[in-house]
Amino acid sequence: MLVNTFGSGGCTAHMRRWLWCAASWLVLLSSSAPAFELTPQQLREGMRWPGEGGRRIPVSIGIEVIDFARVNLREESFAMAGYLDVTWVDPTLALQPNEGSEIRRFRPQQIWTPALEFVNAVEQVNGEREVDVYVTRDGHASQRIRFSHNFQSALDLQRFPFDRQRLFIEVAPFDPFAKDIDLSIDEGRVGMLEGASVPDWNLDSVNARLDQPNQAEAAGRFVFEVSISRRYTFYVWRVFLPITLLVVASWTAFWFDPVNLQPLITVSLSILLSLVTFTYAVDFSLPKVAYLTFTDRYVITAFSFVVSTLFVVAAMHICVRTNHLPRALLLQKIARIAFPVSFFTVIGLIAIITL
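All the letters of the sequence shown, read from the start, carry residue numbers -35 to -1, 1 to 320 under mature numbering (1 follows the signal peptide of the UniProt record, and there is no 0).
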């Protein structure tokens, strides 16, 4: 069903594989169980292709989420386990009214199955399992495959940590010239299991769509989409609130006597060093991206206002040293109002623009 690539394990491994396949075929051909029995006509003709004579092959696809392992912000990828359900119609397997049972079971190697691949899979996992194909009397075949892969999916982190993301899984025929396949969505098999979850995220919804074929793809592709939203409580209490309190604390420098330089400089520099230390401590929880996120803008704004406090304190000291104490007191009075108003105005504008 799914195209997979494995490394060579040497001649011995190949011989064991061929011997195992030969033994499996002997067991299948000699078995009297109707579940795996091929008709004499199929044995004579071999595996038949249901698209003979220009016949279109309708293939329906559905994906159900089992669980997520992680979402990697740095690599813009996610690890997910799920079920891939594929159904199609094969007229060559249809039975006459007086033939066979209602439902037959085949191995994937016994009959034609759609060759599908995960287009955006980072790597193929050896633990992938393909189960038998179940075929009804009228030739409707169905197969469920359990998969576990890492998938590449572009992330937009500009609103971090108040961001919402859409994770995509793309499935398409492996053969780019498979013009005989008509893909469709199996709506009844698009969803997620009750226990599915993503660490640090909320699962909002799942849906699927079909992308129209382009010049490189004859049959288009099935796109499965999972919408998630980040749990931002940690960042509010452990990042934004402490940084805000440090910025507010730096404004206490405007309430000391401007004649005494020592407490003004001590407060401003201590808070600046505390802010630097704090940002290094929480850096592990921030995404490493090439553009600025909301959190980056917030931190830069906080640094700017704390550093600006030092410049205002220096200006006040210069006024005192040059015997312009009234000017220093006026500057201090203006700073007491201007800094809080300016800081929260800038943060509000950043939130409006970014969020």
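Quick reminder that beta carbons are idealized off the backbone N, C-alpha and C, glycines included.
Integer-rounded CB distance, given that residue j should sit under 8 angstroms from residue i
i, j, result
"serine 42", "serine 118", "7 angstroms"
"alanine 137", "arginine 186", "4 angstroms"
"glutamate 190", "valine 171", "7 angstroms"
"isoleucine 315", "phenylalanine 259", "7 angstroms"
"tyrosine 256", "glutamine 130", "Not really, about 15 angstroms apart at Cβ, beyond 8 angstroms."
"aspartate 140", "alanine 80", "6 angstroms"
Cβ-Cβ distance between residue i and residue j below 7 angstroms
i, j, result
"arginine 174", "valine 188", "yes"
"aspartate 151", "aspartate 50", "yes"
"valine 98", "phenylalanine 125", "no"
"glycine 47", "glutamate 67", "no"
"alanine 218", "valine 271", "no"
"valine 54", "glycine 104", "yes"
"threonine 57", "arginine 13", "yes"
"asparagine 85", "phenylalanine 116", "yes"
"aspartate 128", "arginine 39", "no"
"serine 235", "leucine 275", "no"
"isoleucine 22", "proline 15", "yes"
"leucine 158", "isoleucine 318", "no"
"serine 113", "threonine 52", "no"
Cα-Cα separation between residue i and residue j, rounded to whole angstroms
i, j, result
"residue 402", "isoleucine 134", "In this structure the chain extends from -35 to 320, so residue 402 is not present and cannot be described."
"alanine 267", "leucine 240", "9 angstroms"
"isoleucine 299", "phenylalanine 308", "14 angstroms"
"valine 224", "threonine 231", "14 angstroms"
"tryptophan 220", "proline 305", "13 angstroms"
"threonine 294", "methionine 281", "The residue you asked about is not threonine; residue 294 is leucine in the sequence shown. Answer to the nearest angstrom: the Cα atoms are 8 angstroms apart."
"leucine 148", "phenylalanine 83", "15 angstroms"
"tyrosine 245", "phenylalanine 199", "17 angstroms"
"aspartate 169", "methionine 45", "16 angstroms"
"arginine -19", "valine 254", "Confidence at arginine -19 is low in this model, with a pLDDT of 49, below 50, so the placement of that residue is unreliable and no value is reported for it."
"proline 178", "valine 24", "15 angstroms"
"glycine 153", "aspartate 176", "19 angstroms"
"isoleucine 312", "threonine 209", "10 angstroms"
"threonine 310", "leucine 251", "24 angstroms"
"leucine 297", "leucine 132", "One point to set straight first is that residue 297 is glutamine, not leucine, in the sequence displayed. In a straight line, the C-alpha of glutamine 297 is about 52 angstroms away from that of leucine 132."
"glutamine 291", "serine 269", "This sequence places proline at residue 291; glutamine is not what is there. Cα to Cα, proline 291 sits roughly 27 angstroms from serine 269."
"serine 215", "phenylalanine 243", "15 angstroms"
"alanine 184", "aspartate 145", "8 angstroms"
* Asked: Is the segment 204 to 216 touching the segment 248 to 265, taking contact as three or more C-beta pairs under 8 angstroms?
  -> Look at the beta carbons and you see the segment 204 to 216 touching the segment 248 to 265: at least three pairs across the two are nearer than 8 angstroms.
* What residue ranges within the segment 242 to 296 form continuous alpha helix (DSSP H) runs of no fewer than 4 residues, ordered along the chain? -> Runs of the alpha helix (DSSP H) inside the segment 242 to 296: 259 to 286.
* Sufficient close CB pairs (3 or more, under 8 angstroms) joining the segment 158 to 168 to the segment 30 to 44 -> At 8 angstroms Cβ cutoff, the stretches touch.
* Uninterrupted beta strand (DSSP E) stretches inside the segment 115 to 159 (no shorter than 3 residues) -> 129 to 138, 146 to 150, all fully within the segment 115 to 159.
* To do: Pick out the complete beta strand (DSSP E) segments inside the segment 179 to 235, 3 residues or longer, and give them in chain order.
  => Listed in chain order, the complete beta strand (DSSP E) runs (minimum 3 residues) inside the segment 179 to 235 are 186 to 195.
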